[in-house]
Amino acid sequence: MKSIEDFVGFSESNIGDAFQNALNNAGNPVHCAVVETLCFQKSKTRRYYRVILKTMTEKSM
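Be aware that the sequence shown starts at 41, since it is given in the working numbering, and climbs by one per residue.
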């Protein structure tokens with residue numbers, strides 16, 4: 041049986057940290073795909089980054 045899940049990572053510093061946070065939330069899966077990346081700027085000095093990963097794992101019954 042396959043399990044497909046989405047995991048989200050956030051960062052205020054850069055997109056790489058957001059990606060790493062999403063991987064950590066996913067438990068470092070063997071296979072993943074980046075579904076979405078987003079950066080938005082709240083002010084001249086405040087930026088926020090978000091990454092959404094989709095993972096697929098085999099689950100034994």
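For glycine and all other residues, C-beta sits at the position ideal for the given N, C-alpha and C.
Check                                                                                                              : Outcome
Sequence-distant residues of the same chain with beta carbon closer than 7 Å to residue 94, five excluded per side : 44, 46, 72, 73 and 75
Under the three-state DSSP convention, the category residue 56 falls into                                          : helix
Residue 58: CB within 7 Å of a non-hydrogen atom of the ligand NAP                                                 : Judged by which ligands are present, the structure shown has none, so any question about the ligand NAP falls away.
Residue 94, enclosing beta strand (DSSP E) - first and last residue                                                : 87-98
Euclidean distance between Cα positions of residue 53 and residue 87                                               : 7 Å
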